[in-house]
Every structure is written in structure tokens, then in C-alpha cells.
């Protein structure tokens, strides 16, 4: 009896750390991916983040006796989910990491609750509310401070746009805007999961969408990239292993296990922890530094994510 009581107390003490574990793993996985990017290619790295993790999640689901997808409708939804939340999301993320830091990239990606709020309002008539609109405004401002060229921001604040050369196409060739496309893909995946879970077990849907989403990335890597793994060091393989096992398989596993027994909405307010962990460990391990304008943008974006998740 005393042993069981001690176990219960231990689990009660451990539970807060278990809750934040997915967000810690996602944030630090960004740092691991950024560390190994110079030794490999982005599409190959994106595929490594997805396909092996999908195999692990599917194996875990089978051991837990989760039901497999059945019928063309179920596989159709999984395929669409894999394309949007797997291939596009991880592809934009990996390509974006080539041109930006792990911390900034994580902030941009975790702005997706702002996009989800807008999409949910348009598609499902979800009410945004005053707090939500305030969050959207702050988020748009914060993302602009992070992603727009600093000369453009400074000249705009000074009211001097004469002679300023604005190349719109160049905005989408830098890391911040690729990360924004990744966030849009993730937001689309979050919307799709509402439909996917009507036909497929959520854990198995996660595993299969990771596996199927990784296949196009490996295919594209094979025809457009070279020297994908020849230059990866032992430490680089460890970083990939961490991002795959911890950042994908374990993080998703914990998240969906908790979500199956608790209200998923209760985890939404913890979204802002992911970029905080990425910024912290990006600074400690990779010596990533933010400019004053970027720091302001990060702060506004984190506040906006919190406000969006607190809206009624």
C-alpha cells in the first residue's frame, strides 16, 4: 500500500514535466536540425524527421491495439493530411532552417495558432472575440518585425520610403518566410485533423501521415540533391536521431496520449513554450543572436500566441 502511495506521489510530481515534454522536445529538435543542416541537405533531413518516426508510431499503435485505417475514404484523408502536415510542413521547415536560426524559425512556425484562428472562423464560424483580434494584430506585427528586411522596417518607421528598393520575390527566398509557409501548412494540417479523426484512429493517423509524408521528401531529395549523408558526422547522426525519435515519435506519442485522456484545448496555451525552448537552446548551443527588432517581434508574437489560445 505504501509503495503504491509513493508511486502515486512520484507520478503526481512528474506529471507537470510530462505535460511540457512535447513542447520541450519539439523546440530542442529544431536546434538539433539546425546543427546538422551544414552537413546534409534539407529535403533529406526532412524525410529523416518523418518516415522513421512514422514507422515507430505505427509500431507503437499496433502494440497498443489501435485500429488500422480502413477504406478509400480513410486513406484519402490520411494522404491529404500527409501531404499538407507532413511533406509541405517539414519541407518548408527544413528549407527554411538553411536560411534562419532555430529560435526564429520556431517562433514563425508556432505562429500557426493565429492562422488556425482565422481559418476556423472562416470554415467553422468559430468566434475569434476581442482578445483573439488583439492577438492577431500583435501577431501580425510581431511576424512582420521578424520576417521583413530591417531597412524596410526602419525606413517605414521614419516615414521615408523614397528610393527604397523592395523586392517582393526575395521575401520568399529567406528563411523566415519559408517558416511562415511551414506554419500555414501546419495550420492546414490542424484543420484537416478534424476530418481525419472522423475516419481514422488519431494515433495511427499520426504514424501513417509521418510515414507517407516522408516519401515525397526522399524522392525529391533523390532527384534534386546530392551528398545527402556522406558528410554527416557521428554527432550529426545523433542530432538526426534525436530529432526523429524524440522530436517526432516520442513528442507526438506523449501529446496524443495526454490528449486522449484530457481536453486537447488545455494544451493549446502551452504552444508558446516550443519557441522559448528553441530560442534558449539555440542561444546556448548554437550561439544564435537576435537583433533588437527581432527580439521585439519575438516578444509580440509570443504574447499574441498566448492571447489567441486564451480567447473564448
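In full-length UniProt numbering, the protein residues as written are 1 to 312. Positions of the beta carbon are idealized from the N, C-alpha and C atoms, including for glycine.
Using the Cβ count rule (16 or more neighbours within 10 Å means buried), how would you classify residue i?
i, result
"residue 49", "buried"
"residue 287", "exposed"
"residue 197", "exposed"
"residue 292", "exposed"
"residue 249", "buried"
"residue 255", "buried"
"residue 294", "buried"
Measuring only the C-alpha atoms, how far is residue i from residue j?
i, j, result
"residue 45", "residue 86", "13 Å"
"residue 122", "residue 80", "20 Å"
"residue 84", "residue 119", "15 Å"
"residue 155", "residue 146", "15 Å"
"residue 282", "residue 290", "11 Å"
"residue 215", "residue 14", "37 Å"
"residue 17", "residue 233", "32 Å"
"residue 63", "residue 129", "43 Å"
"residue 131", "residue 303", "11 Å"
"residue 125", "residue 227", "48 Å"
Which same chain residues end up closer than 7 Å to residue i when comparing Cβ atoms and leaving out the 5 residues on each side of it in sequence?
i, result
"residue 244", "48, 49, 52 and 53"
"residue 90", "46, 49, 50, 213 and 217"
"residue 200", "69, 74, 77 and 78"
"residue 195", "77"
"residue 176", "100, 104, 108, 146 and 147"
Cutting at 6 Å between CB atoms, please list the residues of its own chain near residue i, excluding the five before and the five after it.
i, result
"residue 61", "203, 204 and 207"
"residue 236", "36 and 39"
"residue 224", "none"
Short check: CB of residue i to CB of residue j, under 8 Å?
i, j, result
"residue 278", "residue 27", "yes"
"residue 322", "residue 114", "Within the shown structure, residues of the chain are numbered from 1 to 312, placing residue 322 beyond reach of any answer."
"residue 25", "residue 246", "yes"
"residue 313", "residue 301", "Shown here, the chain extends from 1 to 312; a query on residue 313 therefore has no answer."
"residue 96", "residue 30", "no"
"residue 274", "residue 106", "yes"
"residue 284", "residue 19", "no"
"residue 42", "residue 98", "yes"
Can you find the residues in the same chain that come closer than 8 Å, C-beta to C-beta, to residue i, ignoring five residues on each side of it along the sequence?
i, result
"residue 357", "The requested residue 357 does not occur in the structure, where the chain is confined to residues 1 to 312."
"residue 252", "22, 53, 57, 206 and 210"
"residue 186", "85, 89, 109 and 112"
**OP:** State whether the stretch 62–82 contacts the stretch 134–150, with contact taken as three or more CB pairs (one from each stretch) at a distance under 8 Å.
**Re:** Flag = no, the stretch 62–82 and the stretch 134–150 do not touch.
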